[in-house]
Every structure is written in C-alpha cells, then in structure tokens.
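**Q** Provided herewith is a single structure, encoded as structure tokens, for subsequent inquiry.
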Ligand code: SF4
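Residue numbers (my numbering), protein chains in the order written: chain A, 1 to 218; chain B, 1001 to 1474.
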C-alpha cells in the first residue's frame, strides 16, 4: 500500500450530508473487475448531466483541479461496503477526506488504500469547510497529526495509533498477520475444533452438498 | 465473570489475540462470497501468490449481476457475464464451493446463508456486502466488509478489529394489524437517524422479539446498516433452533444437542450493561413509507411530505430540499396522493417466503392498477419453489405481476431490472438512495403488504384501507 505522510493541496468542498457510496460510485460501474481506472466514474451522476456535459460540481471546477483533499459533511460514505468508492477516490487523486462522521465500512476501507479519513466536527468543521471554499491550500501532516489551514491556524486530529502507523509505513496488514499471528490462529482453530466442532466445515459436508453435477440444476 | 451481552460473548469466543494497542484479531468462521466484491480480492491474493487458509469456510454465489429472466440461456456477452465467469474461475482455482445461477439453491447471499444452515448462532460471519448484518438474526456476529478485508479473510481467516460499543433496542407492545416488521425498522431509523447507531453493535430485544419469526428477525437485522450499525443481533431461542434443525449445514445428531446446549448460554446476561439503550413501542407504529433519499427520511403513511422551511438546521434543510427535488415532491402533499409507476417486491430485506405471502394476501383477487408495472423477485430459488408450491406465483401473475427468478434485481439495478429516469417505485428493498434503482429513479421504501397495496391502487396507499383492519395482510 502507498504510504501517507504529509500532503499540501487545495481541498474540494462538498457541503452536503449523507453522501452515500451509491453517490460516490454508482452501482452500474460495479460490474468492472479492476481497481485501477475507476476515477472516471467517481461521483458520476454529480459530475455529468444526462447528456454527458459537465456540471459545476466542486471536482469539476478549475479552482479545485488536482485537489488531494475532500471536505465533506456528516455521514460521508454511508451505505454499501463497496470498496470501489475508495478506489475511485484514490484513482482520482483524493488522499484525504475530512468530515464530521463517516459510514463505518467506508472509513475502514480508506485505511486499506492509503486514503486518510479525518473526523472533524462542530465549529472546527465550519472553519475547514470555509478554508476549502476559499480555494487556499491545506496541509495534512499525519506524522504530527495536524491540519494546517491556508491562513495559518493549525490544529490536531485524532487517529487510531495502529492505523496511523499502517498508513505511515504503507503496511501490508495481511502479510503481517501471516508473519506474526499464524501460530495463534492455528492454536485457535485447534481449540475450536474441540470446543465447537460444528463451526468448522472441513469434514467434507460442503463438498457433499455441492457436488459439481447436475442433481440440483434445472 | 461479569455479566456480558450476546455480542460480547460471541466476540470473546472468537478472540485469537489482543494486540498491545487494545485492538483484536478476531477469528472468522464463515465467509459468503459474491461476484461484485470478490474479483479484486482474489486478484490481490494471486498477486502475492497467497493461498486460501480454509476453503471450506467459504461459499460463493453470483446474485447481484445475474438476470432474473431467461435463466436457462447463457448470459449474454458483456460485463455481467465477465463478472460471473470470473467468480466461477476463481472458485474453481481456489476450491471454493460455488452455487450456480441455475442451481435450485441459488439466491441472494443473505437469503441462502440461513437456508443452508451456513449461518449459525454464536458464529462470526462476514461478506463483502453491507447487509451481512442480516445473519445476526441468529445470534451470530455478522458484518459487511470491503474487498481488502475479504482478501484478508481468504488468506488468514481472521480480521484485525476493535470491539464495538453495544446498543440495545428494546421492542415493547404488539404490532397492530397491517403493520409489519419492516415498519419497525423504518420507524426506528426515522427516529434515530441513518447514523444513529454508528460504532455500535445493536441487539434487538424486549418482549416484542419472542413473537417474531426468523424471517421477520432477518428483516430487522438486515437494515441495521441503514441506521449506521454494521452489526444487528437477536439472541437465539427456540424459534431459531426450530428454523435451523435439519438444514443441510446445521450440525446433526450429538453435535446438534451440544450446539443447542451451547447456544442457550449465549443470550445477554441479566444485569449486562449496554453503552446505549433505546426503547420502541411497536404498538404505536403505523405503516411507514420513505419520502426522501435515505431511509431515515421516512414517515407514517397517513402523513404528508414534510416542509424543509420548518427545519432549523441548515445542513438538514439543504439535504431535505435536495431530497424533495430529486424525488419530484412538493411539501405538504399527502403521501396517499403520490402516484407510482413501478412496484418491486424482493431483495434480501423482503424477498423471503413470509414477505411473498403477505404481499400475495393483499393482491389476491385484485389487479395491478392500469399503467403500473410490478415484478416479484424471490430472494432465492428455495423461496421461489416454496411459493410456487403454495400457488403464490399464480396469484401474482393473475394480478398482473411478473414472476421472476432469484437475485438482487431492482434492489441495486446492476442487471436489466431498473427504473427509467423519473420513474417512481414502491419498493420492498432497503435503500432509497439517489440512482439506487436506476439513474434518476425514485424509490419509496415500504413493507411487502404496503407495496402490494400501492400496486393495486397505483399510488402510495395505507394497506389497512385495502384489506380493512382485520389483520388479513399483516
Ligand atoms: S438484495 Fe440489495 S441489499 Fe441485498 S445483497 Fe442484493 S443488492 Fe445488496
């Protein structure tokens, strides 16, 4: 995963609550099989009119061209688990989303893709939104856990220490579980096989249920 | 040991280890795999040359992209076929059991997991799909994950997680005739909001729960995510055990007895403390209908479209204005005066046999209103075959509905079942988001009986006005 340390960029303002993952990445593009290249479908219905012309949506405006930061409102990324929403943001160049609250699965998915979601609420959020609207540059420093606004003020934000470290190092979480925890997992499975054998299906029940023949096929 | 909640007990039983920072490695017993969230997960696995840790922990099915018509024919050339073929190839390569779209056990992941007995009390179950919360109806910790986490489960059978806060929703009272469990969950979301339960594992409890069937409990847990909660649960009881007994993957013989004895220890201990408590008198509820573009924008059918001008909070007001513009609705219009074009009965929320029965009871002997199109999409082939054995398909067809094959269909509009721009739909699904049922489509969420009533009159309708207050359609 790509590392995240510090970014400086204009921030696109999206002052609207409840931007769900269907708005971020409409379902019909979910048929695509790859992670790469999804940025062109990002916010599709907001960025294009039915006739294909571009709207004045923030990410279409020259002032926010190349924005790496999105300042959104409450409950951003609610709805479905589609990681395509984050892949599309990342592919478009967005590295950081600031909002008062997030959909939980979306929030988790961000960290798997080098995108930093930051929770900022109340008057602070108003300030950040105003700064974004002004078209000035914000600096996000993950090492220092700070957001610096264009006209100078700087304030801290909070983030889970493990997730912070994972982003800073571009950590391969699966790799580290395999390297460090495989024995613990094996011990757990051995114990479960004794204590709750019904939870494991390794006895071939599944294979007998789904023989690859025509019995259950019309 | 201190008194614990159901969620805490199942969590503790799946704890592989606790890290220094307090987060945990949680063991995952079961994984349902579908075509939309898996291709990139398999690709990631292959890129690192990693193997599946335990192929028998996964079952795969294609439900989102498959057509609900002409299923005997090969899928037409195109993206959907590529996606389904990719799933088949990945399952073959990684030795995952795959249920084909012509198999008589095909269906939406969240409908077939329980039908197969793959979903069990006290288990941890995940799927790259937010409505995985459905399976919590059995007393499992079940939650939706992204594709990266699917990849992690493939490779390690575990996920690094933090334990969530707990929230109890206590249901009291008895539903009035014509009011369904869908109205409970819509009414709850309207009250606490679409982010009202973020960060919490919800347990539905209270005297109202014991009377609910497994199908009803699944509808309830299914839409927990619409309140922001990844996890919704109901404690296992005799209703749960009766549903599971004899299911193909449920334990049998001595294992069954041991399992049941254990499952009986799972319900929340008296005196266990929840981080948050909410009470809902379900006896006070009327049938609900959504008017906006998120499930929290919902009200009782006897009301009218709300007026944004009366909303003090500017962010909420702007959201309401946008919702009404998208939905093509003016403040003050009575819900019952809103005409509809389409009706969709199906989805993992309301595509089960009881849902079809309650819709059929309203439709029986009646006709869909002129100009309205309706489809019924059973949540699984098992549901479809059961309904056909009961003659429900004939009732729907006689009324003018199309009777389809199992899948997600117009819940997510990834196949050909979709609204045209501006079309208005009475839908039993779970999300009324902009574009959810097709670009520019307008969704009103409601119960199956309410959708059936709307089909008959051609507008949003209180089902009690159609069938009388005798409970025939409850
Ligand atoms: S029926 Fe709808 S909500 Fe359920 S799994 Fe399918 S697309 Fe998702």
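Positions of the beta carbon are idealized from the N, C-alpha and C atoms, including for glycine.
For residue 207 (chain A), would you say it is in contact with chain B, using Cβ-to-Cβ distances shorter than 9 Å as the test?
**A** So yes, residue 207 (chain A) belongs to the interface.
**Q** Excluding the 5 residues flanking residue 68 (chain A) on each side, which residues of the same chain have their C-beta closer than 7 Å to its C-beta?
**A** Result list for residue 68 (chain A): 7, 9, 93, 94, 95, 96, in chain order.
**Q** Given a threshold of 16 other Cβ atoms within 10 Å of its Cβ, counted over all protein chains shown, does residue 75 (chain A) qualify as buried or as exposed?
**A** So residue 75 (chain A) ends up on the buried side.
**Q** What three-state label does DSSP hand residue 1156 (chain B) in the structure shown?
**A** Of the three classes helix, strand and coil, the one that applies to residue 1156 (chain B) here is helix, per DSSP.
**Q** So for residue 1200 (chain B), helix, strand or coil by DSSP?
**A** Residue 1200 (chain B): strand per DSSP, three-state reduction.
**Q** Leaving out five residues on either side along the sequence, give the residues of the same chain with a beta carbon under 6 Å from the beta carbon of residue 1184 (chain B).
**A** Answer for residue 1184 (chain B): 1282, listed in chain order.
**Q** Just the Cα atoms here: how many angstroms apart are residue 1454 (chain B) and residue 1460 (chain B)?
**A** Rounded to the nearest angstrom, the two C-alpha atoms are 5 Å apart.
**Q** Taking Cβ positions only, does residue 33 (chain A) come closer than 9 Å to chain B?
**A** True, the Cβ-Cβ gap to chain B drops below 9 Å.
**Q** Is it the case that the region 1287-1305 of chain B contacts the region 1150-1169 of chain B, given that we only count it when at least three CB pairs across the two stretches are under 8 Å?
**A** No: fewer than three Cβ pairs fall under 8 Å.
**Q** Comparing alpha-carbon positions, which option in B:1380, B:1140, B:1005, B:1402 lies nearest residue 1368 (chain B)?
**A** Ranking B:1380, B:1140, B:1005, B:1402 by Cα distance to residue 1368 (chain B) puts B:1402 first.
**Q** If we ignore side chains and look at the alpha-carbon of each, how far apart do residue 104 (chain A) and residue 1398 (chain B) end up?
**A** Residue 104 (chain A) and residue 1398 (chain B): Cα-Cα distance of roughly 44 Å.
**Q** Does any CB atom of chain B fall closer than 9 Å to the CB of residue 60 (chain A)?
**A** It does not; no Cβ of chain B falls within 9 Å.
**Q** Tell me whether residue 1307 (chain B) is buried or exposed, calling it buried when 16 or more other Cβ atoms sit within 10 Å of its Cβ.
**A** Residue 1307 (chain B) is exposed by the Cβ-count criterion.
**Q** Along chain A, in chain order, which residues have C-beta atoms closer than 7 Å to that of residue 1156 (chain B)?
**A** Residues of chain A passing the Cβ test: 174, 177, 178, 185.
**Q** I need the DSSP call for residue 39 (chain A), collapsed to helix, strand or coil.
**A** The answer is helix: DSSP assigns residue 39 (chain A) an H, G or I state.
**Q** DSSP three-state call for residue 1232 (chain B): helix, strand or coil?
**A** If DSSP states are grouped into helix, strand and coil, residue 1232 (chain B) belongs with the strands.
**Q** Verify the CB distance criterion: does residue 74 (chain A) have a CB-CB separation below 9 Å to chain B?
**A** Closer than 9 Å to some Cβ of chain B, the Cβ of residue 74 (chain A) qualifies, so yes.
**Q** For residue 84 (chain A), which three-state DSSP category applies?
**A** Helix.
**Q** Is residue 1293 (chain B) close to chain A, meaning its C-beta is less than 9 Å from at least one C-beta of that chain?
**A** Yes - at least one Cβ of chain A is within 9 Å of the one on residue 1293 (chain B).
**Q** Would you mind sorting residue 1410 (chain B) into buried or exposed? The rule is 16 or more other CB atoms within 10 Å of its CB.
**A** By the 10 Å Cβ count, residue 1410 (chain B) comes out buried.
**Q** Suppose you measure from the CA of residue 83 (chain A) to the CA of residue 1146 (chain B); what does that come to, to the nearest Å?
**A** Taking the straight line from one Cα to the other gives about 5 Å.
**Q** Would you say the beta carbon of residue 28 (chain A) is closer than 8 Å to some non-hydrogen atom of the ligand SF4?
**A** Result no, Cβ not under 8 Å from the ligand SF4.
**Q** Should residue 43 (chain A) be flagged as near chain B, meaning a C-beta pair shorter than 9 Å?
**A** Cβ-Cβ to chain B under 9 Å: no for residue 43 (chain A).
**Q** Roughly how far, in whole angstroms, is the beta-carbon of residue 71 (chain A) from the beta-carbon of residue 128 (chain A), given that I think they are within contact range, below 8 Å?
**A** Right, their Cβ atoms sit about 6 Å apart.
**Q** The ligand SF4 and residue 1347 (chain B): does any heavy atom of the ligand fall closer than 8 Å to the residue's C-beta?
**A** Answer for residue 1347 (chain B): yes, Cβ within range of the ligand SF4.
**Q** Name the two residues that bound the continuous alpha helix (DSSP H) containing residue 154 (chain A).
**A** Unbroken run through residue 154 (chain A) is the beta strand (DSSP E), 154-156; no alpha helix (DSSP H).
**Q** May I ask you to check if the CB of residue 1441 (chain B) is nearer than 8 Å to at least one heavy atom of the ligand SF4?
**A** Because no heavy atom of the ligand SF4 lies under 8 Å away, the Cβ of residue 1441 (chain B) does not count as near it: no.
**Q** Taking only runs that begin and end inside the region 1223-1294 of chain B, name each unbroken beta strand (DSSP E) of 3 or more residues, in chain order.
**A** Fully enclosed beta strand (DSSP E) runs of 3 or longer: 1231-1233, 1276-1281, 1288-1290.
**Q** Name the two residues that bound the continuous alpha helix (DSSP H) containing residue 1320 (chain B).
**A** Note, residue 1320 (chain B): alpha helix (DSSP H), 1314-1327.
**Q** Assuming contact is defined by CB atoms lying nearer than 9 Å, are residue 1335 (chain B) and residue 1383 (chain B) in contact in what I supplied?
**A** No, they are not a contact pair.
**Q** Below 9 Å between beta carbons is the criterion; list the residues of the region 8-42 of chain A that meet it against any residue of chain B, in chain order.
**A** So the close ones are 15, 16, 17, 18, 20, 21, 22, 23, 26, 27, 28, 30, 31, 32, 33, 34, 35.
**Q** Are any of the Cβ atoms in chain A nearer than 9 Å to that of residue 1440 (chain B)?
**A** At least one chain A Cβ lies under 9 Å of residue 1440 (chain B).
**Q** Can you give, in chain order, each stretch of the alpha helix (DSSP H) that sits fully within the region 1106-1168 of chain B and has at least 4 residues?
**A** List check, alpha helix (DSSP H) in window: 1109-1116, 1147-1156.
**Q** Could you check if residue 1389 (chain B) is buried or exposed, using at least 16 other CB atoms within 10 Å of its CB as the buried criterion?
**A** The residue is exposed, with fewer than 16 neighbouring Cβ atoms inside 10 Å.
**Q** Is there a C-beta anywhere in chain A that falls below 9 Å from the one on residue 1009 (chain B)?
**A** With 9 Å as the cut-off, residue 1009 (chain B) does not count as an interface residue toward chain A.
**Q** Looking only at its chain, what residues have a beta carbon closer than 7 Å to the beta carbon of residue 1473 (chain B), apart from the 5 residues adjacent to it on each side?
**A** A caution first: residue 1473 (chain B) carries a pLDDT of 42, below 50, which makes its placement in the model too unreliable to give a value.
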